[in-house]
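Residue numbers (the working numbering), protein chains in the order written: chain Y, 535 to 888; chain E, 55 to 654. Data first, discussion second: the structure below is written as structure tokens.
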Amino acid sequence: MKDLFVVAIVVMIFIIIFQIAKASEYVSVLKGEEKSRKQNNKINGFLLICFLVLGLIGAWYCNELYFGKTLFPQGSASVEGEKIDLMLYITFGVTGVVFIITQILLFWFAFKYQEKEGKKAFYFPHNTKLELLWTTVPAIFLTVLVVFGLKYWFKMTGDAPKNAVVVEITGHQFAWDMRYPGKDGKLGKKSYKLYNQPSGNTLAVDFEDPESWDDLHTTDMHLPVGKPVKLVINAMDVIHDVGLNHFRMKMDAVPGIPTTMWFTPKYTTEEMKVRTGNPNFVYEISCDQMCGKGHFSMRGVIIVESEADYNKWLASQKPEYFTLFPNKDPEKQNQATDSASITAKPIAQVMPGN
Amino acid sequence: MSTMSLQETAHHEGHADAHGEHHHHETFITKYVFSQDHKTIAKQFLVTGIIWAIIGGLFSVIFRLQLGDPNATYPWLEDLLGHWAKGGKLQPEFYYALVTMHGTILVFFVLTAGLSGTFANFLIPLQIGARDMASPMLNMLSYWFFFLASVIMMSSLFVQTGPASGGWTIYPPLSALGEASSGSKIGMDLWLVSMAMFIVSSLLGGLNYITTILNMRTKGMSMTRMPLTIWSLFFTAVLGVLSFPVLLSGAILLLFDRNLGTSFYLSDIVVAGKILPNEGGSAILFQHLFWFLGHPEVYIILLPAMGMSSEILSVNSRKPIFGYMAMVGSLFAITILAFLVWAHHMFVTGLNPFLGSVFVLLTLLIAVPSAIKVFNWLTTLWRGNIRFTPAMLFAIGFVSLFISGGLTGIFLGNSALDIHLHDTYFVIAHFHIVMGVASFFGMFAGVYHWYPKMFGRYLNNTLAYIHFWITIVGAYLIFWPMHYEGLAGMPRRYYDFSNWESFKMFGGLNEFISLVALIVFAVQILFVINFFYSIWKGRKVTTQNPWEANTLEWTAPIRPGHGNWPGEIPEVHRWPYDYAKDGKDFIPQDVPVGADESKH
């Protein structure tokens, strides 16, 4: 009943507006079409200038309301992201000036040169000097933006520093998985055909490769503050995207084509809670590439902490090899800890195709 | 059809009254359904486009309801959508289907077919002085392929697993694997087949437009005397003819991957616990093929709006368009550059950084011809004698939106900044303003301006002004604040943000945007009512040239028959922008140059 009532009101409003519009057409015919056209012209000219003034005030007001909620007042949480912030401010400066000048000219001209009795328009078909002016000036400004942009782009997409912490992140519908290389600093090989859910080998790691034996498999990402981090990015099923808005970083996760990105976290999670004034602050990993019905819930968490805390956390994690093959776990078996003495034989049982 | 018989038809129809549909060999079917008259085909494209626009707009209103208040339930939604809105709450699968169909419908069916299809068909013969298109038959087929594409796309809305739901960009593997998403089942096949039909339609139309413009201009109508509308429609057709086939090949390969077990786009995939045998393909390959059309597509949408706005700004400023040759040159530059920038949509796919840098340079180069156009439009207004017809207001609105949306393109085209802004609401704001709303404004300007020529009647002015003011204010209210959401990194295509510490503070803003979207949609309905009501009941056009414009279509009868001019086609003696010249308000193109006339 309520729905019907709402529909009836909406229909009524439409009919009323429509009838008023019809009536105004008859009025304009009675008044003389030329006269009412001129009246309309004045009204719309006035509205255009109002739109300009209120629009600029509105843009300022919108900035007051929402700029504080963007990530920029608190600064980038990564060293490399600071370059992006700087680029953003430069681009804001340049485009902001152009925006204000052109919008003012547009609406001001429209208002000022509205039709007036006895006035003639000015015949002004072209002017080479003017046209060259607004070809070259934008070209110069754009060159500046391109030069700055590419300088930072090459720096950010270049090779990660040698001492970078390596973490592998793998996206699948609809979650993230992390893999740490362990003490040897090397990630074990992977092959998607080794994927085996019942055995728990959901990252398709090749456990015949000894380098995989000390790898850690976690769901949260822990990172040490102040050290460069290199992410190796994989996807199991469809394209995902590792979006790290606080670090100003983003890279697609493409099945079959591993990608990388690197950055240096500047603040620990605890420091960010203070900086943002939000006690619930957490670094989030958002999936930024449409990946199916759970796309919006594909959330990961990064905990940035001091190097000591980070090392403590690393030490507390058990290598995936030992959780998948408990009989190989030295703590349980009390066997020799020399990894070379661990044979790879039993693994064959859990590998498909063998 | 030979010129002779066309002239005859024109001659007869010129004398026929408005109700003469039974005249000679014309039946209802040949005149209104399988018509070969470019004007009727244009109206068919326009009406189909309007129907699609209502559907596409309604979809956005429904998913905005979800974004505005993710916890609300709407019982009527369940009545409307059944199990897709269980308990009155939109399901995520269907939310994504709506987002996908909204994009597909608006980009292809409304702003490509509805815009180019309408105005290229309507204006090209009338403005260059031709009796019809080079091939009226292909022209008719172009509409009916579009109709077929429409029927197939529409039918995909009713299949049990739902329509395509992987985004309008249909990136594989998501779009290739039914296991990955219910929208990637039969709905996706229908999407691809529909798009194949659509591309055929677009190619038939495009070839026809190019051929007609190059070969069928009336005497005296040299290329440099063509109105800017014709130039823009010409470049639009060139863009479409050269880029749509690439999407067609991409779509066919995707159909093969889906149904024939090929691996063009698939490799190393484990989906829903199943290890797929596909190896050696590249998911990124599809993105290259897609964006090789996808980027020119932006200009296919935008150029006609630019051309029509140029024309309307000049007519209603009573001044020549400023820098005609620069306007043509910048259209040409945009057309060339449009083919060389596609990978700027792919900066974060792991693209080679050097390749990325080339695309940055070429992308930002587009800003130069765009800036030329903006400053030339501003100078056209300067010292004019401006009449604010509804068309003129929409053209001014177009320029305003083109500036606002164009400038944010400078952020996104710069790869370093794009790393942060890619796939956020900043992108949504950018392309909705610059190609969505701006092109709609160009289209509205065109409809208001040429409606009297199409139907011999005017649209209601008061409704038109209400339409303009609410739409422009609403468009800015909807999309301007979205830039801020994007700066916070808020990703697009999210069903619900309330579980995200980084994004949930925009809940109130999202509610506000949804409310404004609802109002703006309602006002578009007002426009549609005005459109259909005025076809039969609008104020009649009584003068041949109601806007006092120079172009040739206004030398034709108020309601031109098939063949456009009852007698000889007028000869052209001058460019179309002789306004305010030598103290005369306007000098139509078919007026011979006087002996003492000054040169421009």
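Yeah, the Cβ is synthetic: ideal placement off N, Cα and C, and Gly gets one too. Quick caveat: nothing in here was measured; it's all calculated off a predicted structure.
Problem - Sheet register partners of M832 of chain Y (DSSP bridge) - result: Against the first sequence, residue 832 of chain Y aligns to sequence position 298. Under DSSP, M832 of chain Y shares a beta bridge with no residue.
Practice task
Starting from the beta carbon of I440 of chain E, find every residue of chain Y whose beta carbon is closer than 7 Å, and list them in chain order.
Solution key: Within the second sequence, the letter at position 386 stands for residue 440 of chain E. Under the 7 Å cutoff, chain Y gives A644, Y647, Q648, E649.
Problem - Test item: CB-CB of P545 of chain E and Y479 of chain E under 9 Å - result: For the purposes of this step, residue 545 of chain E is taken as residue 491 along the second sequence, with counting starting at 1. For the purposes of this step, residue 479 of chain E is taken as residue 425 along the second sequence, with counting starting at 1. Yes. Within cutoff.
Handout entry: Interface flag, Y505 of chain E vs chain Y, CB-CB below 9 Å
Key = Numbered from 1 along the second sequence, position 451 holds the residue referred to as residue 505 of chain E. Judged by the 9 Å Cβ criterion, Y505 of chain E is not in contact with chain Y.
Practice task
May I have the straight-line CA-CA distance separating H751 of chain Y from S831 of chain Y, to the nearest angstrom?
Solution key: Position 217 of the first sequence, counted from the start, is the residue given in the question as residue 751 of chain Y. Position 297 of the first sequence, counted from the start, is the residue given in the question as residue 831 of chain Y. The alpha-carbon atoms of H751 of chain Y and S831 of chain Y are separated by roughly 21 Å.
Exercise for the section: Any chance you could list the beta strand (DSSP E) runs of at least 3 consecutive residues sitting entirely within the region 565-607 of chain E, in chain order? Expected result: Qualifying beta strand (DSSP E) stretches: none in this window.
Exercise for the section: Count the other CB atoms, across all protein chains shown, that sit within 10 Å of the CB of S588 of chain E; report buried if there are 16 or more and exposed otherwise. Expected result: Position 534 of the second sequence, counted from the start, is the residue given in the question as residue 588 of chain E. Buried is the call here.
Exercise for the section: Would you mind reading off the limits of the alpha helix (DSSP H) that contains E147 of chain E? Expected result: To locate residue 147 of chain E, count along the second sequence from 1; it is residue 93. Where E147 of chain E is concerned, the enclosing alpha helix (DSSP H) stretches over 146-158.
Exercise for the section: Look at the Cβ atom of S568 of chain E, then the Cβ atom of L121 of chain E, and state whether they are nearer than 9 Å. Expected result: Counting from one through the second sequence, the residue named residue 568 of chain E turns up at place 514. Counting from one through the second sequence, the residue named residue 121 of chain E turns up at place 67. Going by beta carbons, S568 of chain E and L121 of chain E fall inside the 9 Å limit.
Handout entry: Cβ-Cβ separation, N575 of chain Y to F452 of chain E (assumed contact under 8 Å), whole Å
Key = As a first step, residue 452 of chain E is located in the second sequence; it is residue number 398 there, counting from the start. As a first step, residue 575 of chain Y is located in the first sequence; it is residue number 41 there, counting from the start. Actually they do not touch by this definition, with Cβ atoms about 19 Å apart.
Practice task
Taking G327 of chain E as the query, report the chain B residues whose CB atoms sit under 7 Å from its CB, ordered along the chain.
Solution key: In the displayed structure, chain B is absent; the protein chains listed are Y and E.
Handout entry: CB contact check: D749 of chain Y to chain E, cutoff 9 Å
Key = Here the question's residue 749 of chain Y lines up with position 215 in the first sequence. Judged by the 9 Å Cβ criterion, D749 of chain Y is not in contact with chain E.
Exercise for the section: Please confirm if D775 of chain Y has its CB atom under 9 Å from at least one CB of chain E. Expected result: Here residue 775 of chain Y refers to the residue found at position 241 when the first sequence is read from its first residue. Yes, D775 of chain Y lies at the interface with chain E (some Cβ there is under 9 Å from its Cβ).
Problem - H77 of chain E versus T636 of chain Y: straight-line alpha-carbon distance, rounded - result: For the purposes of this step, residue 77 of chain E is identified with residue 23 of the second sequence, where counting begins at 1. For the purposes of this step, residue 636 of chain Y is identified with residue 102 of the first sequence, where counting begins at 1. Low per-residue confidence applies at H77 of chain E: pLDDT is 47, beneath 50, and the placement is therefore not dependable enough to give any value.
Practice task
State the beta-bridge partners of F640 of chain E as determined by DSSP.
Solution key: Working through the second sequence from its first residue, we reach residue 640 of chain E at position 586. Note: F640 of chain E is bridge-paired with E:Y633 in the DSSP secondary-structure output.
Exercise for the section: Quick one: using the 10 Å Cβ neighbour count with 16 as the cut-off for buried, is A557 of chain Y buried or exposed? Expected result: Residue 557 of chain Y sits at position 23 when you count from the first residue of the first sequence. Exposure of A557 of chain Y is indicated by the presence of fewer than 16 other C-beta atoms within 10 angstroms of its C-beta.
Handout entry: A107 of chain E beta carbon less than 9 Å from that of Q578 of chain E
Key = If you number the second sequence from 1, residue 578 of chain E lands on position 524. If you number the second sequence from 1, residue 107 of chain E lands on position 53. For the pair Q578 of chain E and A107 of chain E, the CB atoms are nearer than the 9 Å cut-off.
Handout entry: Supposed contact pair H398 of chain E and G348 of chain E - C-beta distance, whole angstroms, cut 8 Å
Key = In the second sequence, the residue the question calls residue 348 of chain E occupies position 294. In the second sequence, the residue the question calls residue 398 of chain E occupies position 344. Wrong, their Cβ atoms sit about 11 Å apart, outside the cutoff.
Practice task
Measure the CB-CB distance between P792 of chain Y and S612 of chain Y and report whether it falls below 9 Å.
Solution key: If you number the first sequence from 1, residue 792 of chain Y lands on position 258. If you number the first sequence from 1, residue 612 of chain Y lands on position 78. Result no, Cβ atoms of P792 of chain Y and S612 of chain Y do not sit closer than 9 Å.
Problem - Which of helix, strand or coil DSSP assigns to F626 of chain Y - result: On the first sequence, residue 626 of chain Y is found 92 positions in, with the first residue counted as 1. Of the three classes helix, strand and coil, the one that applies to F626 of chain Y here is helix, per DSSP.
Problem - Test item: CB-CB of G237 of chain E and T154 of chain E under 9 Å - result: What you label residue 237 of chain E is simply residue 183 of the second sequence in a count that begins at 1. What you label residue 154 of chain E is simply residue 100 of the second sequence in a count that begins at 1. In this structure, the beta-carbon distance from G237 of chain E to T154 of chain E falls below 9 Å.
Exercise for the section: Name, please, each residue of chain E whose Cβ falls closer than 9 Å to the Cβ of Y595 of chain Y. Expected result: In the first sequence, the residue the question calls residue 595 of chain Y occupies position 61. None at all; the shortest Cβ gap to chain E is about 10 Å.
Practice task
Check distances from the C-beta atoms of the region 145-175 of chain E to those of chain Y and list, in chain order, the residues that come in under 7 Å.
Solution key: Those residues of the region 145-175 of chain E that come within reach of chain Y (Cβ to Cβ, closer than 7 Å) are P146, E147, Y150.
Handout entry: Residue from Y:G811, Y:G790, Y:L765 whose Cα sits closest to the Cα of I329 of chain E
Key = Translated into the one-based positions of the second sequence, residue 329 of chain E becomes position 275. A check of alpha carbon separations from I329 of chain E across Y:G811, Y:G790, Y:L765 identifies Y:G790 as the nearest.
Practice task
Please report how far the alpha carbon of E75 of chain E lies from the alpha carbon of G615 of chain E, in whole angstroms.
Solution key: Residue mapping note: residue 75 of chain E aligns to position 21 of the second sequence, counting from 1. Residue mapping note: residue 615 of chain E aligns to position 561 of the second sequence, counting from 1. At E75 of chain E, the pLDDT of 41 sits below 50, so the modelled position is not reliable; the number obtained from the coordinates is stated separately. Between E75 of chain E and G615 of chain E, the C-alpha separation is close to 11 Å.
Practice task
Measure from the alpha carbon of N553 of chain E to the alpha carbon of each residue in Y:N845, Y:I819, Y:K846, Y:M546, then state which is nearest.
Solution key: Sequence index remark: in the second sequence, residue 553 of chain E carries index 499 (1-based). Measuring from the Cα of N553 of chain E, the nearest candidate turns out to be Y:I819.
Exercise for the section: Using a Cβ-Cβ cut-off of less than 9 Å, list which residues of the region 541-574 of chain E approach chain Y; keep chain order. Expected result: Per Cβ criterion, the list reads L541, A542, G543, M544, P545, R546, R547, Y548, Y549, D550, F551, N553, W554, E555, S556, F557, M559, F560, L563.
Practice task
Anything in chain Y within Cβ reach of F376 of chain E, meaning under 9 Å, just list it in chain order.
Solution key: Residue numbering aside, residue 376 of chain E sits at position 322 when the second sequence is read from its first letter. The answer, in chain order, is F658, P659, H660, N661, L664, E665.
Handout entry: Cα-Cα separation between M806 of chain Y and S610 of chain Y, rounded to whole angstroms
Key = Reading the first sequence from its first residue, position 272 is the one you call residue 806 of chain Y. Reading the first sequence from its first residue, position 76 is the one you call residue 610 of chain Y. M806 of chain Y and S610 of chain Y have their C-alpha atoms some 10 Å from each other.
Exercise for the section: Tell me, please, whether the region 830-850 of chain Y touches the region 696-713 of chain Y by the rule of three or more beta-carbon pairs shorter than 8 Å. Expected result: Yes, the region 830-850 of chain Y touches the region 696-713 of chain Y.
Handout entry: Start and end residues, alpha helix (DSSP H) containing T462 of chain E
Key = Start at 1 with the first residue of the second sequence, and residue 462 of chain E comes out as number 408. DSSP places T462 of chain E in the uninterrupted alpha helix (DSSP H) bounded by 444-467.
Problem - Residues that DSSP places opposite I837 of chain Y in a beta bridge - result: Along the first sequence, one-based indexing puts residue 837 of chain Y at 303. Y:H756.
Exercise for the section: Could you round the C-beta distance between P226 of chain E and L308 of chain E to whole angstroms and report it? I think they count as a contact, below 8 Å. Expected result: Residue 226 of chain E sits at position 172 when you count from the first residue of the second sequence. Residue 308 of chain E sits at position 254 when you count from the first residue of the second sequence. Between L308 of chain E and P226 of chain E the Cβ distance is about 6 Å, and since that is below 8 Å, they are a contact.
Practice task
Identify the contact partners of A234 of chain E in chain Y, using a Cβ-Cβ distance below 7 Å as the criterion.
Solution key: Within the second sequence, numbered from 1, the residue matching residue 234 of chain E stands at position 180. Neighbours of A234 of chain E across chain Y, judged by C-beta separation under 7 Å: Q707, D771, V772, G826.
Problem - Local conformation of F386 of chain E per DSSP, three classes - result: By 1-based counting over the second sequence, the position of residue 386 of chain E is 332. It is helical.
Practice task
Taking 9 Å as the cut-off, decide whether the C-beta atoms of A392 of chain E and P350 of chain E are in contact.
Solution key: Numbered from its first residue, the second sequence carries residue 392 of chain E at position 338. Numbered from its first residue, the second sequence carries residue 350 of chain E at position 296. Contact: yes.
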